[in-house]
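Undergrad: Each residue of the sequence shown is one higher than the one before, starting from 826 at the first, in this note's numbering.
Glycine included, every Cβ here is placed at the ideal spot set by N, Cα and C.
None of these values were measured; they are calculated from a predicted model.
Below you will find the structure I want to go over with you.
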Amino acid sequence: MQNPNIALANENQNDYMRLDSDDDTEDASVFSDDDDRGPSEAAFESNGIAPDLHFDPELLNAIGGVTEISRGNVDKTLLSDIKFNGWTDPSNVTPCPYMDEPYEARPDSWMSEDYPGIYDGDYGSTPGALNAAETPACAFFRLAPPGMCETIAGPSDDYFEANLDKRVAVQHAKQQARSRKHRDFQVQPPEQIKDAHKRTPELSGREMCVFIGLLTASTIAPKKEKFEHH
């Protein structure tokens, strides 16, 4: 079977169309992130190294330079050595005294030993707090109850409504640009686009909880291996 990604000599590339989304959230926001910067602030390159970030020369030589660090190409053997043997003596910054102290794991009973009676009587933790500490999810919702998610959802809907006209203008401009590439594409009037956006259901507290849960899972899961080196 022929590879569909390779065009033959007798094929015209203009016969194929490129999928172009007309969704105004394609770039994550209808606004430019550069608008938040002041006139004298330079743009931050996400793949660069902060100018005040220092690395030990021996570490750079062992890894292969700053470029390898920025790409994440760090030898696991070196990370394991740092994990078990610690860092070398710092030379570019003045360390806090506690940074040079060896880490000693605290026993499970350290809280009751250092603070006798903390869980007894009226001065101990409440039953609700103790129950919430049984699982990470319970502890999270103890500090961020569902009612707070409802409070967050409200301003989010207000923001959507306040920027509706700008969102419509951006999507209408994208549709016009697409119609110039594809003559058979029908551009929707701004009023029709706005009516479609107005039918968007409002956010609920439950949706916020689901979003935060998925966001946390997608953030932690890819980092498990890196967490092992700390």
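Which residues bound the alpha helix (DSSP H) around Glu-975?
TA: 971–987
Undergrad: Does any residue of chain B bring its CB to less than 8 Å from the CB of Thr-1025?
TA: Absent here is chain B; the protein component of the structure consists of one chain.
Undergrad: On the DSSP letters alone, give me the boundaries of the alpha helix (DSSP H) that Gly-946 sits inside.
TA: No alpha helix (DSSP H) contains Gly-946, which DSSP labels as neither H nor E.
Undergrad: Assuming Cys-974 contacts Gly-1030 (C-beta within less than 8 Å), just tell me the rounded distance between them.
TA: 4 Å
Undergrad: I believe His-1022 touches Val-995 by the beta-carbon criterion, under 8 Å. Please report the beta-carbon distance rounded to the nearest angstrom.
TA: Not a contact, Cβ separation roughly 11 Å.
Undergrad: Rounding to the nearest angstrom, what Cα-Cα distance links Ala-930 and Gly-890 in this structure?
TA: 34 Å
Undergrad: I need the boundaries of the alpha helix (DSSP H) containing Arg-967, first residue and last residue.
TA: 961–968
Undergrad: For the alpha helix (DSSP H) holding His-1022, just list the boundary residues, first then last.
TA: 1015–1023
Undergrad: Quick one: residues in its chain with C-beta nearer than 7 Å to the C-beta of Ser-981, no 5 flanking neighbours on either side, listed in chain order?
TA: Spatial neighbours of Ser-981 in its own chain (CB-CB distance under 7 Å, excluding positions within 5 residues in sequence) are listed in chain order as Leu-1028.
Undergrad: To the nearest angstrom, report how far apart Gly-946 and Tyr-940 are at their CA atoms.
TA: 13 Å
Undergrad: By DSSP, does Gln-1011 sit in helix, in strand, or in coil?
TA: Shown here, Gln-1011 sits in coil according to DSSP, grouped into three states, outside any helix or strand.
Undergrad: Can you grab the Cα-Cα spacing for the pair Arg-1008 / Lys-999, in whole Å?
TA: If I take the Cα positions, the gap works out to 14 Å.
Undergrad: Name the two residues that bound the continuous alpha helix (DSSP H) containing Ser-895.
TA: 891–896
Undergrad: For the alpha helix (DSSP H) containing Glu-1027, list its first residue and its last residue.
TA: Counting along the chain, Glu-1027 falls outside any alpha helix (DSSP H), and DSSP gives it neither H nor E.
Undergrad: In whole angstroms, what is the alpha-carbon distance linking Ile-977 and Ile-1037?
TA: Cα atoms of Ile-977 and Ile-1037: separation of roughly 12 Å, rounded to the nearest angstrom.
Undergrad: What would DSSP say about Glu-836, mapped onto helix, strand or coil?
TA: If DSSP states are grouped into helix, strand and coil, Glu-836 belongs with coil.
Undergrad: Mapping DSSP to helix, strand and coil, what is Asp-906?
TA: helix
Undergrad: Taking buried to mean at least 16 other C-beta atoms within 10 Å of its own C-beta, is Met-1033 buried or exposed?
TA: buried
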